[in-house]
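Numbering (this note's numbering), first residue to last: 85 to 172.
Positions of the beta carbon are idealized from the N, C-alpha and C atoms, including for glycine.
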């Protein structure tokens, strides 16, 4: 039976496993963060962006066909990120 999950697409095309099945997840977290240019680049000279994941902000947790508002917090680069909903 097909599992209930969020299916992944990349550049408008379904993402697939090496066996050809659809790639998906039961829970997806969309974490709102600041992305800024970094001092690094790739071989083609394009800037490699830096994603700021230390601090706090808003997020959405996608689960069971619904989107839940949440907050995220991470005290340092060595710390785990904690996600909380308004209900706690």
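Inset, instruction - For residue 101, I'd like the list of residues in its chain whose CB is within less than 7 Å of its CB, leaving aside the five on either flank, ordered along the chain. - result: 107
Inset, instruction - Under 8 Å Cβ to Cβ from residue 165, same chain only, skipping five residues before and after it: list those, please. - result: 115, 137, 156, 157 and 158
Legend entry - Environment of residue 110 [buried if 16+ CB atoms lie within 10 Å]: exposed
Inset, instruction - With DSSP collapsed to three states, give me the class of residue 123. - result: strand
Legend entry - residue 151 burial status per 10 Å Cβ neighbour count (16 or more: buried): exposed
Inset, instruction - For residue 131, write down the residues that DSSP places opposite it in a beta bridge. - result: 125
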